[in-house]
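Student: Handing you this structure, nothing more for now.
Numbering (the UniProt record's numbering), first residue to last: 1 to 475.
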């Protein structure tokens, strides 16, 4: 498998900087004879921090003259910036195996960044080859970064990511016409984040350890969404979906997995995945209760929508007639097919939920099925809305048909979108909505009494995700 070598010569506090850097590079060169067959990156301290007269980048390159494979030297403004550039470079070449040549202490530092900036989709192999060199810094034997170094790395990386430009546009939010002004709300799309990998670009709000969007990048995407939506990331609570019908009532012990979440708490954000699965947003303006649900086709058949309604009724005294439900962007009946046995279960809900029943894979309308089940459960037809494209009231949002706007598992085999609810005080948040771009959709509601916001992303086994979210305020 393709691999890349990263040689660590960072050494900014060394009084013998140029000597130590030469020793490290010379040792690496001696081990690789006339050059590595794999791409080589040298990560060095910024010249601004060590002085241009202390072994500049050009001097490093001179040591590799005659090698068959000239290295790339990374000496950005910070270690975070250099490692981010390194990650971009290997992602462009689809390389996941990384060999790092460093010291024992350097390994500890790099492992902190590995945890923050990379995922288990990468394989790291550390070779300790720079211990026992001349200066005290080089000979540090502690193989772990101390707590201060770890905290500094986390802060440095977060600050660096905050200053990156958004990829392909600004955060956008779609809004439901059904939700009252008492609730701020919106559905995010794919634009406005910093995720640059094509299948994850750009507002990916879900970190799948098998993919290459790291926790730090996703956290920055959520932070940017929070700035637009009016919530703080620490208030964020994401559904642990399992394509079933369990519902968690916030304040009670949480089950291991659940596809619905309800609350009457102020100051929290609840979110649920959903794309191509449906992100569902529920609000009760009378009892001031909010709920979100992730509804795939399995969860739809298992009754997750009405399970969420029933939790609002049983736990908080809501009346079905008072509850409003908005169905966010999901795969439409134009694109979604199932095996005949599963399609028949939707046909049993209503014949209009299935087209071409005689084919091997009939087309299924999970959105219509959800609407019918909600109406049978006591939700008024006029209280149910399919979110639509602005100025196109006759066009619902199919995630598979609109790849530039939404994530789609059916189309790209990526990860679900998410939905969340945030409850805060009226003083902290004013009603607003967000429509986000590329890799997911989210919907949000903000209420003078309740702020509800909903977002989505892709299917649960997809690569990227967005959120449907709600936030409740005290009013």
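Glycine included, C-beta positions come from ideal geometry on N, C-alpha and C.
1. Identify whether residue 260 lies in helix, strand or coil by the three-state DSSP scheme.
2. Are the C-beta of residue 311 and some C-beta of chain B separated by less than 9 Å?
3. Taking the runs of the beta strand (DSSP E) that are 3 residues or longer, which of them lie wholly in the region 353 to 390?
4. Please state whether DSSP places residue 212 in a helix, a strand or coil.
5. Give me the residue from 275, 307, 320 with the minimum Cα distance to residue 330.
6. Are three or more beta carbon pairs between the region 170 to 183 and the region 275 to 285 nearer than 8 Å?
7. Of the residues 60, 324, 362, which one's Cα is nearest the Cα of residue 178?
8. Measuring CB to CB, does residue 203 end up less than 9 Å from residue 223?
9. Going by DSSP, what residues sit across from residue 125 in a beta bridge?
10. With contact counted as at least three CB pairs below 8 Å, one residue from each stretch, are the region 150 to 158 and the region 364 to 371 in contact?
11. By how many angstroms is the C-alpha of residue 297 removed from the C-alpha of residue 272?
12. Nearest CA to the CA of residue 345: which residue from 301, 11, 311?
13. Return the chain-ordered ranges of every beta strand (DSSP E) run that is complete within the region 216 to 288 and spans a minimum of 3 residues.
14. Assuming residue 112 is part of the beta strand (DSSP E), what are its boundary residues?
15. Relative to the C-alpha of residue 201, which residue among 299, 175, 228, 171 is closest?
16. Does DSSP classify residue 153 as helix, strand or coil?
17. Could you give the distance in angstroms between the alpha-carbon of residue 226 and the alpha-carbon of residue 341?
18. Apart from the five residues just before and just after residue 366, which ones in its own chain have a Cβ nearer than 6 Å to its Cβ?
19. Can you list, in chain order, the residues of its chain whose CB lies under 7 Å from that of residue 427, leaving out five sequence neighbours each side?
20. Leaving out five residues on either side along the sequence, give the residues of the same chain with a beta carbon under 7 Å from the beta carbon of residue 77.
21. Note down the Cα distance separating residue 405 from residue 28, rounded to an integer number of angstroms.
22. Are the Cβ atoms of residue 205 and residue 191 separated by less than 9 Å?
23. Determine the closest residue to residue 381 out of 335, 39, 322, with distance taken between C-alpha atoms.
24. DSSP three-state call for residue 461: helix, strand or coil?
25. Within 10 angstroms of its Cβ, does residue 65 collect 16 or more other Cβ (buried), or is it exposed?
26. Shorter than 8 Å, the distance from the beta carbon of residue 102 to the closest heavy atom of the ligand NAD, or not?
27. Counting C-beta neighbours from all protein chains within 10 Å, is the total for residue 146 16 or more, i.e. buried, or is it exposed?
28. Spatial neighbours of residue 120 within its chain, please: CB distance less than 6 Å, with the 5 preceding and 5 following residues excluded, ordered by chain position.
29. Report back the beta-carbon spacing between residue 469 and residue 269 to the nearest angstrom; my notes put them in contact at under 8 Å.
30. Write down the C-beta distance between residue 4 and residue 128 rounded to the nearest angstrom, noting that I regard them as a contact closer than 8 Å.
31. Compute the Euclidean distance between the alpha carbons of residue 103 and residue 149, then round it to the nearest angstrom.
32. Just to confirm, is the Cβ distance from residue 194 to residue 217 under 9 Å?
33. Looking at residue 86: is its Cβ nearer than 9 Å to the Cβ of residue 41?
34. Could you name the residues that DSSP lists as bridge partners for residue 41?
35. Compute the distance between the beta-carbons of residue 295 and residue 352, then report whether it is under 9 Å.
36. Of the choices 343, 81, 26, 243, whose alpha-carbon is the least far from that of residue 357?
Tutor: If we stick to the structure as given:
1. Taking the first residue of the chain shown as position 1, residue 260 is located at position 260. Three-state DSSP puts residue 260 in a strand.
2. Chain labels in this structure do not include chain B; a single protein chain is all it has.
3. 384 to 386
4. Counted from its first residue, the chain shown places residue 212 at position 212. The answer is coil: DSSP assigns residue 212 none of H, G, I, E or B.
5. By 1-based counting over the chain shown, the position of residue 330 is 330. Per the Cα distances, 275.
6. yes
7. In the chain shown, residue 178 corresponds to position 178, counting from 1. Ranking 60, 324, 362 by Cα distance to residue 178 puts 324 first.
8. The sequence position of residue 203 within the chain shown is 203, counting from 1. The sequence position of residue 223 within the chain shown is 223, counting from 1. No, they are not a contact pair.
9. Within the chain shown, numbered from 1, the residue matching residue 125 stands at position 125. The partner list for residue 125 (beta bridge, DSSP) reads 99.
10. no
11. Within the chain shown, numbered from 1, the residue matching residue 272 stands at position 272. Within the chain shown, numbered from 1, the residue matching residue 297 stands at position 297. Straight-line Cα distance between these residues: approximately 15 Å.
12. The residue given as residue 345 occupies position 345 in the chain shown. Measuring from the Cα of residue 345, the nearest candidate turns out to be 301.
13. 236 to 238, 247 to 249, 260 to 263, 269 to 272, 278 to 284
14. Working through the chain shown from its first residue, we reach residue 112 at position 112. Per DSSP, residue 112 belongs to no beta strand (DSSP E); it is in the alpha helix (DSSP H), 104 to 117.
15. By one-based count along the chain shown, residue 201 stands at place 201. The option with the nearest alpha carbon to residue 201 is 171.
16. As a position in the chain shown, residue 153 is number 153, starting the count at 1. Helix, per DSSP.
17. The count along the chain shown starts at 1 and reaches residue 226 at position 226. The count along the chain shown starts at 1 and reaches residue 341 at position 341. Distance between the alpha carbons of residue 226 and residue 341: 42 Å.
18. To locate residue 366, count along the chain shown from 1; it is residue 366. Result list for residue 366: 297, 300, in chain order.
19. As a first step, residue 427 is located in the chain shown; it is residue number 427 there, counting from the start. Its pLDDT being 28, under 50, residue 427 is placed unreliably in this model, and the coordinates cannot settle the point.
20. Numbered from its first residue, the chain shown carries residue 77 at position 77. Excluding sequence neighbours, residue 77 sits near 46.
21. If you number the chain shown from 1, residue 405 lands on position 405. If you number the chain shown from 1, residue 28 lands on position 28. Between residue 405 and residue 28, the C-alpha separation is close to 47 Å.
22. Along the chain shown, read from residue 1 onward, the residue named residue 205 stands at position 205. Along the chain shown, read from residue 1 onward, the residue named residue 191 stands at position 191. No. Outside cutoff.
23. Sequence index remark: in the chain shown, residue 381 carries index 381 (1-based). Among 335, 39, 322, the Cα nearest to that of residue 381 is on 322.
24. As a working mapping, residue 461 is identified with position 461 in the chain shown. Residue confidence for residue 461 is low, a pLDDT of 37 falling below 50, so the modelled location carries little weight; the figure read from the coordinates is stated next. If DSSP states are grouped into helix, strand and coil, residue 461 belongs with coil.
25. In the chain shown, residue 65 corresponds to position 65, counting from 1. Label assigned to residue 65: exposed.
26. Only the bare structure without any ligand can be found here, which leaves the ligand NAD out of the picture.
27. Here residue 146 refers to the residue found at position 146 of the chain shown. So residue 146 ends up on the exposed side.
28. Mapped onto the chain shown, residue 120 falls at position 120. 209.
29. In the chain shown, residue 469 corresponds to position 469, counting from 1. In the chain shown, residue 269 corresponds to position 269, counting from 1. At roughly 6 Å, the Cβ-Cβ gap stays under 8 Å, so residue 469 and residue 269 are in contact.
30. Counting from 1 along the chain shown, the entry for residue 4 is found at position 4. Counting from 1 along the chain shown, the entry for residue 128 is found at position 128. Contact flag wrong, Cβ pair sits at about 18 Å.
31. For the purposes of this step, residue 103 is identified with residue 103 of the chain shown, where counting begins at 1. For the purposes of this step, residue 149 is identified with residue 149 of the chain shown, where counting begins at 1. The straight-line gap from Cα to Cα measures roughly 16 Å.
32. Within the chain shown, the letter at position 194 stands for residue 194. Within the chain shown, the letter at position 217 stands for residue 217. Yes.
33. As a working note, residue 86 is residue 86 in the chain shown. As a working note, residue 41 is residue 41 in the chain shown. It is a contact, given that the beta carbons lie within the stated cut-off.
34. In the chain shown, residue 41 corresponds to position 41, counting from 1. Note: residue 41 sits in a beta bridge opposite 6, 72.
35. Taking the first residue of the chain shown as position 1, residue 295 is located at position 295. Taking the first residue of the chain shown as position 1, residue 352 is located at position 352. Going by C-beta atoms, residue 295 is not nearer than 9 Å to residue 352.
36. Taking the chain shown and counting its residues from 1, the one referred to as residue 357 is at position 357. Nearest C-alpha to residue 357: 343.
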